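Worksheet: one structure, shown below.
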Amino acid sequence: MAIATLTHLTYWYPGRVEPALKAVGLAIKDGLTVVAGQSGGGKSTLLRLFNGLVPHFHGGRIAGSAEVVGRDVIATPTRDMARHVGFVFQDPELQTVYNVVDREVAFGLENTAVPRREIAGRVEEALHAAGVAGLAGRAVRTLSGGERQRVALASALAMRPNLVVLDEPTSQLDPEGAEMVLAAVTRLVREGTSVIISEHRLEQLLRQAAGLVLVDRGNVTTADPDGWRPSPPSLRPARLAAPGGEAWSLEHVTVGFGGRPVLDAVDLAGRAGEVVVLSGPNGGGKTTLLRLIAGSLTPLAGNVWRRPGRVAYLPQNPTVLLHRPTVRAEVRFTLERSGEPGQPEAILGELGLLPVADQYPRDLSCGERQRAALAAVLPGSPSCVLLDEPTRGIDSSARGALAALVARLRDRGASVVIATHDNDLRNALADRVINVAGGRVAEVSFAGVPT
Amino acid sequence: MNARAVAAWSACCLFIVLSTTNPVYKIMVLAAALTALAVGAGLRRIRGLLVAVLLIAAFATLLNFVSAHLGATVLFALPDQIPALGGPYTLEALVFGASGGITIAAAILAAAPFSLLLDSHEVMDALPAPLSRTGVAIASSLNLVPAVATSFVEVTEAQRLRGWRPRGPRSWMEVVVPVVLTSVEGSIQLAESMEARGFGSGARTAVAALALQRSDWLLVAASGLALAGFAAARAAGLAADWYAYPSLTLPAIHPWPVAACLLLFTPVLVWRSRR
């Protein structure tokens, strides 16, 4: 039985000539449906259609028809669809209203006027279903990303929806957190809830999927989940030059915030033309290490040294970089500031951004924004490249392009340090892998030893 | 700690501090608020607030000292030809300014338990049902404040590494614009999440506020008594006002309003630490 049916559905965002979804015809069955496709293709737009955020929240024009859990989405406001369709967003930090877990889960129940006497039971049931019964009463700010995202899932489940939609729920999480969320999702499906999920980590989900929807530049097709395989991981780009001398070093460095040490007596160094990958759990100190090397943080003790030259730093939240009117202007801004020759088109082409070069960067999809931020920091010839989770939300082809770009900078003599949970990127680029956890660093044995 | 009991105590503090010009009673309210916060939140947590309050009070004092050229005790004088600043600078203006500074400091510290000692949902639960939705909207937007502070640090760092340097007010636009845009986007995403969970769909059920415990009742009773006692003392002319001009006099005090102000120290007995 179809839980959602779209017929000749076309949708335009406000002020756009090109539709974000083009004449979509789709019937989604009960069970698990996986939505896949390149970033910027329209996955998030399609998912927001199932609970009416598109068009009711985002505005724009829509043609065709959409029926979800027996309701006409175009005629039913999102706040009414909320009783039947639960939605979990990408960023767990930007979907929290209350700061205590139980109250957060009860938020939807309060909004839909569920009788007060029923709320406690419904909250308990939802926390249990999301696998976070033990978090009742905890302050949201004390939770890990994986726990937060499962609380968001519990908030959706508290409404006892017929359908739960998740938009790349693991894109901001470390592998452990992602595993927790995906395990909760697969358990839900086994227990009979229909789920539509957009994800880049497809292997685990495809085994249980009843349907696979592919979205590419607004065109939506279906495929057999058993027969479809995601693109193979990026190849390791050939090294054209051997690593050179020392490019940065930390000597017995201790750093902390508010009296709490984050890194303790760390000794570490990197060479020119070398790629060092930092691994470890969220909150372990990877970002702090990058900020130390960049010179943005002053250590409490010890010495930090870096050879002269431009630092290209991609922060964990790439959006903070973007403020120019176009993607091209962002790249030009960095080139002009660094006084380096070159045209923005080179790096825009490398990262597949030429089609959106003249668009406002904040209008792009999550994955495209990430690539725009990479393009904004990496043009020219930086001597030190520091990337914090550079593959967040980007697809496998963009990951391949990034690996090639970083390899080129490495071969020109840049010293590269990447904090990432992405094993494919690590395998494609790492000369050394450093585990950062609990304030300590330790080199991990890794097959990709430099020549 | 119940938000309604805290509200009763705060309201009483504000009533006394704003209804009298007598600095003795104002200082008593300030001391009560400061002690209550120190007990509930700990001195370390309120250190930043205290510094801010001190600066605001000092500014208020200075402003009156510089602008009110009244009073008999002239400390020094600047030539009248200096616009705005010229004229006599008096002890009376300084003391009256300090009294204003104490008023502001006491008012801020009396309201501070709402943000320092209570969670936003506790405050929302205490609101009457018709204000519940507005309360949710305000509280959820307040949740974004720490995110704005974080994004300011992130943007500044990222822009510095792209070659930005602070060179005059215009250069800060390259930091301020991304911070504002990031905050607006955060708000939109939060609004989207709230809409997806049925916010605005009609009548709400407000989860019941916690019942008042014995200690809360004690605080409400003490606050009520303090308010009634101080109001009665004022009506009877026992809580005399004070004015610094034309020449300084000692403020008059009476045991009844003093007793009413002492009741404001009840949180010291009934609040447990929420550090």
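Residue numbers (the working numbering), protein chains in the order written: chain A, 4 to 454; chain B, 787 to 1061. We put the CB at the ideal spot given by N, CA and C, even for glycine. Because the structure is a prediction, the values reported are computed rather than measured.
Is the shortest distance between the beta-carbon of residue i and the beta-carbons of chain A less than 8 Å?
i: residue 1061/B; result: For residue 1061/B, the pLDDT reaches just 49, beneath the cut-off of 50, and the residue's location in the model is therefore unreliable, leaving the point undetermined.
i: residue 975/B; result: yes
i: residue 949/B; result: yes
i: residue 905/B; result: yes
i: residue 969/B; result: no
i: residue 790/B; result: no
i: residue 814/B; result: no
i: residue 878/B; result: no
i: residue 787/B; result: no
i: residue 839/B; result: no
i: residue 955/B; result: no
i: residue 1035/B; result: no
So what does DSSP say about residue i, is it helix, strand or coil?
i: residue 11/A; result: strand
i: residue 1002/B; result: helix
i: residue 241/A; result: coil
i: residue 19/A; result: coil
i: residue 804/B; result: helix
i: residue 430/A; result: helix
i: residue 70/A; result: strand
i: residue 231/A; result: coil
i: residue 64/A; result: strand
i: residue 36/A; result: strand
i: residue 868/B; result: coil
i: residue 309/A; result: strand
i: residue 997/B; result: coil
i: residue 380/A; result: helix
i: residue 26/A; result: strand
i: residue 75/A; result: strand
Find the nearest neighbour of residue i within the set the options, judged by alpha-carbon distance.
i: residue 29/A; options: 43/A, 44/A, 5/A, 41/A; result: 5/A
i: residue 426/A; options: 32/A, 394/A, 65/A, 416/A; result: 394/A
i: residue 1010/B; options: 1046/B, 1033/B, 1028/B, 895/B; result: 1046/B
i: residue 144/A; options: 320/A, 318/A, 99/A, 269/A; result: 99/A
i: residue 20/A; options: 64/A, 38/A, 118/A, 238/A; result: 64/A
i: residue 363/A; options: 353/A, 354/A, 376/A, 352/A; result: 376/A
i: residue 889/B; options: 1021/B, 840/B, 833/B, 949/B; result: 840/B
i: residue 26/A; options: 263/A, 45/A, 247/A; result: 45/A
i: residue 369/A; options: 320/A, 358/A, 409/A; result: 320/A
i: residue 85/A; options: 833/B, 986/B, 835/B; result: 986/B
i: residue 776/B; options: 199/A, 92/A, 66/A, 436/A; result: Nothing can be reported for residue 776/B, as the shown portion of chain B is limited to 787 through 1061.
i: residue 278/A; options: 409/A, 17/A, 185/A, 205/A; result: 409/A
i: residue 210/A; options: 220/A, 233/A, 221/A, 264/A; result: 233/A
i: residue 134/A; options: 161/A, 120/A, 117/A; result: 161/A
i: residue 1055/B; options: 814/B, 824/B, 789/B, 799/B; result: 824/B
Just list the residues that DSSP pairs residue i with in beta bridges.
i: residue 862/B; result: 875/B
i: residue 222/A; result: 219/A
i: residue 249/A; result: 274/A
i: residue 387/A; result: 314/A, 418/A
i: residue 166/A; result: 88/A, 197/A
i: residue 1/A; result: Residue 1/A is absent from the model: chain A starts at 4 and stops at 454.
i: residue 436/A; result: 280/A, 447/A
i: residue 31/A; result: 7/A
Does chain B have any CB closer than 8 Å to the CB of residue i?
i: residue 322/A; result: yes
i: residue 326/A; result: yes
i: residue 354/A; result: no
i: residue 110/A; result: yes
i: residue 101/A; result: yes
i: residue 97/A; result: yes
i: residue 285/A; result: no
i: residue 81/A; result: yes
i: residue 395/A; result: no
i: residue 21/A; result: no
i: residue 39/A; result: no
i: residue 316/A; result: yes
i: residue 127/A; result: no
i: residue 53/A; result: no
i: residue 116/A; result: yes
i: residue 224/A; result: no
i: residue 448/A; result: no
i: residue 113/A; result: yes
- [ ] Only counting runs of 4 or more residues, tell me where the alpha helix (DSSP H) segments fall wholly within the stretch 109-156 of chain A, in order along the chain.
- [x] 119-132
Open item on the list: Which runs of the beta strand (DSSP E) at least 3 residues long sit entirely within the stretch 254-304 of chain A? Give them in chain order.
Closed with: 263-274, 278-282
- [ ] Could you tell me which uninterrupted beta strand (DSSP E) segments, each at least 3 residues in length, are contained entirely in the stretch 904-954 of chain B, listed from first to last along the chain?
- [x] none
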